[in-house]
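Peer 1: All the letters of the sequence shown, read from the start, carry residue numbers 1 to 259 under this note's numbering. Even for Gly, the Cβ is constructed at its ideal location relative to N, Cα and C.
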Amino acid sequence: MDEFVRAFKLLYQHPSALLSGLPFAFTLMTILLAHELGHFFACRHHHIRTSYPFFIPAPTLIGTFGAFILLRSPIRNTRALFDVGASGPFVGFVFAVPALIYGVLAAKVVPGLADPSNADVVFGVPVILHILAKLFHPGAPVDALLLHPVGRAAWVGLFATSLNLLPAGQLDGGHILRSLSARSHRLISTFLPALLLLLGFFRHWSGWYIWAAILFGLRFLRSAPVYDDTPLDPGRRFAAFLALLIFVLCFMPAPISAL
1 MDEFVRAFKL LYQHPSALLS GLPFAFTLMT ILLAHELGHF FACRHHHIRT
51 SYPFFIPAPT LIGTFGAFIL LRSPIRNTRA LFDVGASGPF VGFVFAVPAL
101 IYGVLAAKVV PGLADPSNAD VVFGVPVILH ILAKLFHPGA PVDALLLHPV
151 GRAAWVGLFA TSLNLLPAGQ LDGGHILRSL SARSHRLIST FLPALLLLLG
201 FFRHWSGWYI WAAILFGLRF LRSAPVYDDT PLDPGRRFAA FLALLIFVLC
251 FMPAPISAL
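Dropping the structure here:
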């Protein structure tokens, strides 16, 4: 709390300091907007009525709880269900990766960056960041990279993508799984909250407890019926595999660790 108070005092005395946050804010909002526009245009393609994207401002470390759109008509078949669910993560990932590449290229190597004596918080490292670090900073430990703000915004976008791709409930990953198998969707939606509780216990990130509660609550929300459950075509099944690959590249068992 003291750090937030000092930050507000600094901004009150020097409003121009806000400009230093523009690269992070612009990049993050672009990624989040791209994600939601992916859903939006998929809905338009399938003649599903929807709202325009809304951002959710919040007094958090990143300044937002993300963005969302409201569906105003039913999703009538599995093809539309898959397209609407997968389009957001795909488009958001496509926008986030170039930003992450730039962030890694412009990163500074700071030995001991993750040492408890040097940092209060350590951010997790997704698989894709491990890959890029080895490509552009061979020999440097990935936890010694101080990402450029554009890269840190991409990190947030990838983290949001991994959360959205959790295969349960009304999340994007839940829509994808339900379009493949309604039975598997019901089964995983039942047991995934327990798995997240275990992950929170062993990885010491309390956020997994919150997500377990969210997914548990979503089980009591009635899913809109899909009237045509025709199996997905081979192209969409391959795209479902790509969605799983994106999830693996973005997922972090311990996204934020307090030291």
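Rounded to whole angstroms, what's the CA-CA distance from Ile131 to Arg49? Just pull it up for me.
Peer 2: Locating residue 131 in the sequence shown gives position 131, counting from the first residue. Locating residue 49 in the sequence shown gives position 49, counting from the first residue. Approximately 40 Å between the Cα atoms of the pair.
Peer 1: Give the straight-line distance between the Cα atoms of Val127 and Leu245, rounded to the nearest whole angstrom.
Peer 2: The sequence position of residue 127 within the sequence shown is 127, counting from 1. The sequence position of residue 245 within the sequence shown is 245, counting from 1. C-alpha separation (whole angstroms): 11 Å.
Peer 1: Spatial neighbours of Leu249 within its chain, please: C-beta separation below 6 Å, excluding the five flanking residues on both sides.
Peer 2: Numbered from its first residue, the sequence shown carries residue 249 at position 249. For Leu249, where only same-chain residues beyond five positions count, the Cβ hits under 6 Å are Val127 and Ile128.
Peer 1: For the alpha helix (DSSP H) containing Val97, list its first residue and its last residue.
Peer 2: Here residue 97 corresponds to residue number 97 of the sequence shown, with the count starting at 1. Start and end: Thr78 to Leu105.
Peer 1: How far does the alpha helix (DSSP H) with Ile246 in it reach, from first residue to last?
Peer 2: Position 246 of the sequence shown, counting from 1, holds the residue named residue 246. Element bounds for Ile246: Pro234 to Cys250.
Peer 1: Pull up the distance between the alpha-carbon of Met1 and that of Ala34, whole angstroms please.
Peer 2: Here residue 1 corresponds to residue number 1 of the sequence shown, with the count starting at 1. Here residue 34 corresponds to residue number 34 of the sequence shown, with the count starting at 1. With a pLDDT of 45 at Met1, under the threshold of 50, the modelled position of this residue cannot be trusted, and the question is left open.
Peer 1: Kindly list the residues whose CB is nearer than 6 Å to the CB of Leu71, restricted to its own chain and excluding five residues on each side of it in sequence; keep chain order.
Peer 2: Here the question's residue 71 lines up with position 71 in the sequence shown. Counting only Cβ-Cβ distances below 6 Å, and skipping sequence neighbours, we find Thr50.
Peer 1: Go through its chain and collect everything with a Cβ distance to Ala254's Cβ below 8 Å, but skip five positions before and after it.
Peer 2: Position 254 of the sequence shown holds residue 254. Excluding sequence neighbours, Ala254 sits near Gly124, Arg203, His204 and Trp205.
Peer 1: Hey, Gly151 and Ala224 are a contact pair by Cβ (cut 8 Å); roughly how many whole angstroms apart?
Peer 2: Along the sequence shown, one-based indexing puts residue 151 at 151. Along the sequence shown, one-based indexing puts residue 224 at 224. No, Gly151 and Ala224 are not in contact; Cβ-Cβ is about 38 Å, not under 8 Å.
Peer 1: Evaluate Arg222 with the Cβ neighbour count: other Cβ atoms within 10 Å of its Cβ, from every protein chain shown; 16 or more gives buried, anything less gives exposed.
Peer 2: Residue 222 sits at position 222 when you count from the first residue of the sequence shown. Exposed, because fewer than 16 other Cβ atoms sit within 10 Å of the Cβ of Arg222.
Peer 1: Which stretch, first to last residue, makes up the alpha helix (DSSP H) that contains Pro23?
Peer 2: Here the question's residue 23 lines up with position 23 in the sequence shown. Segment Leu22 to His45, the alpha helix (DSSP H) holding Pro23.
Peer 1: Does Pro89 pass the burial test, meaning 16 or more other C-beta atoms within 10 Å, or should it be called exposed?
Peer 2: In the sequence shown, residue 89 corresponds to position 89, counting from 1. When all chains shown are included, Pro89 counts as buried.
Peer 1: Among the candidates Phe201, Trp211, Arg178 and Leu105, whose CA atom is the shortest distance from the CA of Pro193?
Peer 2: Within the sequence shown, numbered from 1, the residue matching residue 193 stands at position 193. Closest by alpha carbon: Trp211.
Peer 1: Give every residue of the same chain whose Cβ lies closer than 6 Å to the Cβ of Thr27, excluding the five residues on either side of it in the sequence, and list them in chain order.
Peer 2: Translated into positions along the sequence shown, residue 27 becomes position 27. Excluding residues within five positions, the ones whose Cβ falls inside 6 Å are Ala99, Val150 and Ala153.
Peer 1: One question on the structure: do Phe247 and Ser162 come within less than 8 Å of each other, judged by their Cβ atoms?
Peer 2: Taking the sequence shown and counting its residues from 1, one reaches residue 247 at position 247. Taking the sequence shown and counting its residues from 1, one reaches residue 162 at position 162. Yes, the pair counts as a contact, with Cβ atoms nearer than the cut-off.
Peer 1: I need the DSSP call for Leu71, collapsed to helix, strand or coil.
Peer 2: To locate residue 71, count along the sequence shown from 1; it is residue 71. Of the three classes helix, strand and coil, the one that applies to Leu71 here is strand, per DSSP.
Peer 1: Short of 8 Å in beta carbon distance, which residues of its chain neighbour Phe41, apart from the five on each side in sequence? Order them along the chain.
Peer 2: In the sequence shown, residue 41 corresponds to position 41, counting from 1. Excluding sequence neighbours, Phe41 sits near Ser87.
Peer 1: Please name the residue, chosen from Phe159, Pro167, Tyr102 and Ser20, that lies closest to Phe136 on a Cα-to-Cα basis.
Peer 2: To locate residue 136, count along the sequence shown from 1; it is residue 136. Minimum Cα distance to Phe136 is reached at Tyr102.
Peer 1: Using the Cα positions of Ser184 and Ile176, report the straight-line distance between them to the nearest angstrom.
Peer 2: The residue given as residue 184 occupies position 184 in the sequence shown. The residue given as residue 176 occupies position 176 in the sequence shown. Taking the straight line joining both Cα atoms gives about 11 Å.
Peer 1: Do the CB positions of Leu218 and Gln170 come within less than 8 Å of each other?
Peer 2: As a working mapping, residue 218 is identified with position 218 in the sequence shown. As a working mapping, residue 170 is identified with position 170 in the sequence shown. Yes, Cβ-Cβ distance for Leu218 and Gln170 is below 8 Å.
Peer 1: Can you tell which of Gly173, Ala133 and Arg44 has the C-alpha that lies nearest to the C-alpha of Leu147?
Peer 2: Along the sequence shown, read from residue 1 onward, the residue named residue 147 stands at position 147. Nearest option by C-alpha distance: Ala133.
Peer 1: Would you mind sorting Phe241 into buried or exposed? The rule is 16 or more other CB atoms within 10 Å of its CB.
Peer 2: Here residue 241 corresponds to residue number 241 of the sequence shown, with the count starting at 1. Under this definition Phe241 is an exposed residue.
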